[in-house]
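Under UniProt numbering, think of the first position of the sequence shown as 1, with each following residue one higher.
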Amino acid sequence: MNRGLLLRFETLLQLRGACWHALSSRRACGAQWKPVELSAHPMGSLPLHPQLWPKHRLISAALSQCRHLATKEETKRKKKKIPLTRGEVEIRQKMTVEELAQAMGKDIDHIYEALLYSDINLDSVEPDSILREDHIKMIVQKSGMKYKSAKLKEEKERKNTDAVKRQVVSYPAALTPRPPVVTILGHVDHGKTTLLDSLRKTQVASMEAGGITQHIGAFIVHMPSGEKITFLDTPGHAAFSAMRARGTNVTDIVILVVAAEDGVMQQTIESIQHAKNAGVPLILAINKCDKPEADPERVKKELLAHDVVCEEFGGDVQAVNISALKGENLMVLAEATVALAEMLELKADATGLVEGTIIESRKDRGKGPLTTAIIQRGTLRKGCVLVAGKTWAKVRFLFDENGKAVDAASPGIPVEIMGWKESPSAGDEILEVESEQRAQEVVAWRTYVEQQEKMKKDLEVIEAKQKEHRLEYEKKQQKLAHLTWRQRKAVLYKANKHQMFSRPKERTEMDENMLSLIVKGDVDGSVEAILNILDSYDCEDECKLDIVYFGMGDISENDISLAEAFNGVIFGFSVTASESIKKLADKKGIKIKLHNIIYKLIEDLKDELNSRLPPAVVETTIGEASVLDTFSVTVGKNKIPVAGCRVHKGLLDRKMKFKLIRNRDVIWKGCLSSLKHHKDDVQVIKTGMDCGLSLDKNLEFSIGDEIICYEEKEVQQTTSWDPGF
Numbered sequence: 001m002n003r004g005l006l007l008r009f010e011t012l013l014q015l016r017g018a019c020w021h022a023l024s025s026r027r028a029c030g031a032q033w034k035p036v037e038l039s040a041h042p043m044g045s046l047p048l049h050p051q052l053w054p055k056h057r058l059i060s061a062a063l064s065q066c067r068h069l070a071t072k073e074e075t076k077r078k079k080k081k082i083p084l085t086r087g088e089v090e091i092r093q094k095m096t097v098e099e100l101a102q103a104m105g106k107d108i109d110h111i112y113e114a115l116l117y118s119d120i121n122l123d124s125v126e127p128d129s130i131l132r133e134d135h136i137k138m139i140v141q142k143s144g145m146k147y148k149s150a151k152l153k154e155e156k157e158r159k160n161t162d163a164v165k166r167q168v169v170s171y172p173a174a175l176t177p178r179p180p181v182v183t184i185l186g187h188v189d190h191g192k193t194t195l196l197d198s199l200r201k202t203q204v205a206s207m208e209a210g211g212i213t214q215h216i217g218a219f220i221v222h223m224p225s226g227e228k229i230t231f232l233d234t235p236g237h238a239a240f241s242a243m244r245a246r247g248t249n250v251t252d253i254v255i256l257v258v259a260a261e262d263g264v265m266q267q268t269i270e271s272i273q274h275a276k277n278a279g280v281p282l283i284l285a286i287n288k289c290d291k292p293e294a295d296p297e298r299v300k301k302e303l304l305a306h307d308v309v310c311e312e313f314g315g316d317v318q319a320v321n322i323s324a325l326k327g328e329n330l331m332v333l334a335e336a337t338v339a340l341a342e343m344l345e346l347k348a349d350a351t352g353l354v355e356g357t358i359i360e361s362r363k364d365r366g367k368g369p370l371t372t373a374i375i376q377r378g379t380l381r382k383g384c385v386l387v388a389g390k391t392w393a394k395v396r397f398l399f400d401e402n403g404k405a406v407d408a409a410s411p412g413i414p415v416e417i418m419g420w421k422e423s424p425s426a427g428d429e430i431l432e433v434e435s436e437q438r439a440q441e442v443v444a445w446r447t448y449v450e451q452q453e454k455m456k457k458d459l460e461v462i463e464a465k466q467k468e469h470r471l472e473y474e475k476k477q478q479k480l481a482h483l484t485w486r487q488r489k490a491v492l493y494k495a496n497k498h499q500m501f502s503r504p505k506e507r508t509e510m511d512e513n514m515l516s517l518i519v520k521g522d523v524d525g526s527v528e529a530i531l532n533i534l535d536s537y538d539c540e541d542e543c544k545l546d547i548v549y550f551g552m553g554d555i556s557e558n559d560i561s562l563a564e565a566f567n568g569v570i571f572g573f574s575v576t577a578s579e580s581i582k583k584l585a586d587k588k589g590i591k592i593k594l595h596n597i598i599y600k601l602i603e604d605l606k607d608e609l610n611s612r613l614p615p616a617v618v619e620t621t622i623g624e625a626s627v628l629d630t631f632s633v634t635v636g637k638n639k640i641p642v643a644g645c646r647v648h649k650g651l652l653d654r655k656m657k658f659k660l661i662r663n664r665d666v667i668w669k670g671c672l673s674s675l676k677h678h679k680d681d682v683q684v685i686k687t688g689m690d691c692g693l694s695l696d697k698n699l700e701f702s703i704g705d706e707i708i709c710y711e712e713k714e715v716q717q718t719t720s721w722d723p724g725f
């Protein structure tokens with residue numbers, strides 16, 4: 001044997017022994033190891049003669065290689081690569097679809113696919129939809145995983161940081177007299193604004209669109225005797241019921257204006273009810289007494305039916321006959337108001353933090369959000385920090401009803417406030433707080449409370465929907481009770497499989513039978529009135545109504561973008577649109593409809609709804625004929641039934657459509673294949689003439705059948721929605 005080979009074999013044996021010795025030592029110390037193939041060892045590159053590679057270097061190389069194979073870093077890398085086929089998912093109550101998908105490490109489509117085996121209607125499931133606990137467990141199990149309940153985090157009860165009214169002052173020395181707040185109520189066009197116009201010698205009525213008050217006007221009237229009266233003029237139109245109710249809630253006295261020639265009307269009755277609900281005393285002003293047809297006594301008697309008893313009938317309601325247009329008896333009415341105010345002994349605390357009520361809210365292009373308010377307690381000055389609803393303000397300027405800047409406003413005085421961060425809602429309560437930080441705390445708390453209430457309502461709706469779907473699911477299961485378990489699952493899967501491909505649910509095509517609206521108004525009360533009218537819409541089966549956005553201010557570019565995205569129409573009330581906005585709307589094909597009178601806006605809205613309705617087909621009868629005899633003719637190899645008829649009304653025109661009536665039932669509709677008079681083909685058969693006719697369908701006639709010739713016309717449908725005026 002070759003001596004070189006023997007030396008090489010001896011070296012390998014020595015190397016093997018050294019490796020086993022090193023591995024045994026490391027195993028005794030608890031180290032990890034793995035076998036090494038000799039083909040990967042540097043020994044393969046050794047020269048044939050062993051003297052060129054000393055033995056101690058071979059042994060140290062072997063030990064170095066073994067140490068490298070058992071390092072901790074390699075062990076960690078190995079652990080990371082181990083796949084977890086059956087993991088545990090932490091679940092909790094009220095998880096959404098998206099949260100469950102993240103917890104499982106799956107995409108949302110996987111959750112939808114698992115829900116195909118449940119009783120949930122997938123059309124109602126969105127990524128933020130909340131799942132029931134049994135559904136969560138089912139999804140995890142279907143995915144081949146285990147579930148465990150997550151540790152509940154105890155929510156700390158949030159401290160109530162809301163602002164509240166001060167306690168009522170018990171000692172009268174701190175109270176000072178204040179002007180009475182008088183609200184004028186009544187039916188539309190009964191002369192309320194004209195009455196105030198005469199009282200303060202201004203042309204309020206001429207400034208209102210169409211002579212109809214569209215929002216609340218609050219101002220002071222100075223009497224010759226020196227007294228001040230704060231008047232609120234509310235709209236009488238049916239659409240502004242909420243404004244009238246808001247006016248009575250801050251008022252001390254209500255002047256009920258009734259036209260002497262019209263008497264008690266719908267909004268008159270509603271105004272009486274508002275005053276009763278607020279517990280406010282009434283003064284009756286019978287207007288238009290200068291007209292020949294005026295009958296004040298009839299008005300007083302009609303009011304008896306509504307528990308409004310005048311003094312002459314033994315009641316406590318003062319009645320004054322006036323003519324607002326000619327200014328007759330206005331001072332008598334004013335004196336009656338002052339006398340009643342003195343009896344009420346109206347006083348307020350003019351010190352301390354301010355309290356009040358927002359009467360109206362609007363947006364001004366230069367001044368930002370503005371509010372008209374009545375101060376009820378304290379004295380409002382520039383720099384005060386106010387909270388109303390979910391917004392706050394640091395008062396920058398105060399204006400009176402004529403737009404003149406004032407330094408302060410005491411109780412009973414109407415004032416316009418500038419400095420709001422956002423527009424509050426009309427009817428919100430105003431409270432003064434110590435600092436801006438405190439105002440932000442109050443707003444944050446109120447926003448939190450609103451979110452909690454919304455979540456609670458949403459959960460109730462979700463639970464009701466889930467209950468409804470569960471009942472449907474149980475009915476389906478009962479129908480499939482005769483099938484085996486596997487057959488039932490297969491049937492349900494096939495029935496619901498198509499729903500998988502509709503996720504995520506996106507509105508890519510707009511429904512032609514839907515009207516999307518963007519509503520803009522000059523003040524909050526006007527927008528509120530329009531929304532209240534739209535709430536009465538009850539014809540969703542004809543055309544769906546979708547309010548995309550509503551707000552205050554002039555038409556903006558953002559409104560155009562929204563209308564373009566939703567294929568909507570912009571309705572503006574007492575607002576304007578600049579020329580650039582109009583050009584942009586024309587370019588994008590967006591309709592902008594601007595109105596100053598509310599009933600005209602509603603009429604335009606109804607016209608827009610009508611245009612979205614599909615045309616109705618109306619049948620107009622042209623002629624009628626009776627079948628007197630039946631026979632058949634042979635054409636080729638086919639026998640064609642023929643009816644011998646006599647026209648007894650109108651005419652039969654072959655170009656028109658026909659229908660066959662038997663025993664008052666329509667059994668056929670279509671066209672004629674032939675119409676003959678004797679043996680001649682004709683186009684028209686007139687009244688009293690006989691004819692023979694055959695249909696485009698092989699149908700047997702019976703003596704006594706009716707043949708009706710009619711014309712179909714498409715007629716534009718009109719919505720059946722009635723807004724109430």
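We put the CB at the ideal spot given by N, CA and C, even for glycine.
Through-space distance from residue j to residue i, alpha-carbon basis
{"i": "A643", "j": "L693", "result": "6 Å"}
{"i": "A173", "j": "I533", "result": "48 Å"}
{"i": "V569", "j": "A393", "result": "33 Å"}
{"i": "I286", "j": "M223", "result": "21 Å"}
{"i": "D665", "j": "L480", "result": "39 Å"}
{"i": "E436", "j": "E90", "result": "43 Å"}
{"i": "P296", "j": "F573", "result": "36 Å"}
{"i": "Q167", "j": "E355", "result": "12 Å"}
{"i": "P281", "j": "S556", "result": "44 Å"}
{"i": "D607", "j": "I590", "result": "16 Å"}
{"i": "H110", "j": "A101", "result": "8 Å"}
{"i": "Y537", "j": "W721", "result": "6 Å"}
{"i": "I430", "j": "V395", "result": "12 Å"}
{"i": "V443", "j": "F550", "result": "22 Å"}
{"i": "M455", "j": "N513", "result": "31 Å"}
Per DSSP, the bridge partner or partners of residue i
{"i": "T183", "result": "L232 and V254"}
{"i": "G427", "result": "The partner list for G427 (beta bridge, DSSP) is empty, contrary to what the question assumes."}
{"i": "I177", "result": "Ile is not the amino acid found at residue 177; the sequence shown has Pro there. P177 pairs with K347."}
{"i": "D653", "result": "V684"}
{"i": "S149", "result": "I91"}
{"i": "A259", "result": "N287"}
{"i": "W668", "result": "L660"}
Outcome for residue i when other beta-carbon atoms lying within 10 angstroms are tallied against a minimum of 16
{"i": "G724", "result": "exposed"}
{"i": "residue 740", "result": "Outside the modelled stretch of the chain, which goes from 1 to 725, sits residue 740, for which no answer is possible."}
{"i": "S578", "result": "exposed"}
{"i": "C645", "result": "buried"}
{"i": "M104", "result": "buried"}
{"i": "E208", "result": "In this predicted model, E208 has a pLDDT of only 47, less than 50, meaning its place in the structure is not dependable enough to derive any value."}
{"i": "T718", "result": "exposed"}
{"i": "E714", "result": "exposed"}
{"i": "E703", "result": "One detail in the question is off: residue 703 reads as Ile in this sequence, not Glu. Flag for I703 reads exposed."}
{"i": "F701", "result": "buried"}
{"i": "G30", "result": "Residue placement at G30 cannot be trusted, given a pLDDT of 44 that sits under 50; the coordinates are not used to answer."}
{"i": "E342", "result": "exposed"}
{"i": "L115", "result": "buried"}
Residue j beta carbon less than 9 Å from that of residue i
{"i": "R178", "j": "S410", "result": "yes"}
{"i": "D653", "j": "I622", "result": "yes"}
{"i": "C539", "j": "L601", "result": "no"}
{"i": "G412", "j": "A348", "result": "yes"}
{"i": "I184", "j": "F219", "result": "no"}
{"i": "A259", "j": "H306", "result": "no"}
{"i": "V254", "j": "S271", "result": "yes"}
{"i": "W469", "j": "S124", "result": "Contrary to the premise, residue 469 reads as His rather than Trp in this sequence. The answer is yes: Cβ separation under 9 Å."}
{"i": "R362", "j": "D522", "result": "yes"}
{"i": "E619", "j": "E712", "result": "yes"}
{"i": "E416", "j": "L386", "result": "no"}
Could I get the ranges of all uninterrupted beta strand (DSSP E) runs contained in the segment 363 to 445, with 3 residues as the minimum, in chain order?
368 to 377, 385 to 388, 391 to 399, 414 to 420 and 429 to 433
Contiguous alpha helix (DSSP H) assignments of at least 4 residues, all confined to the segment 576 to 638:
579 to 588 and 598 to 612
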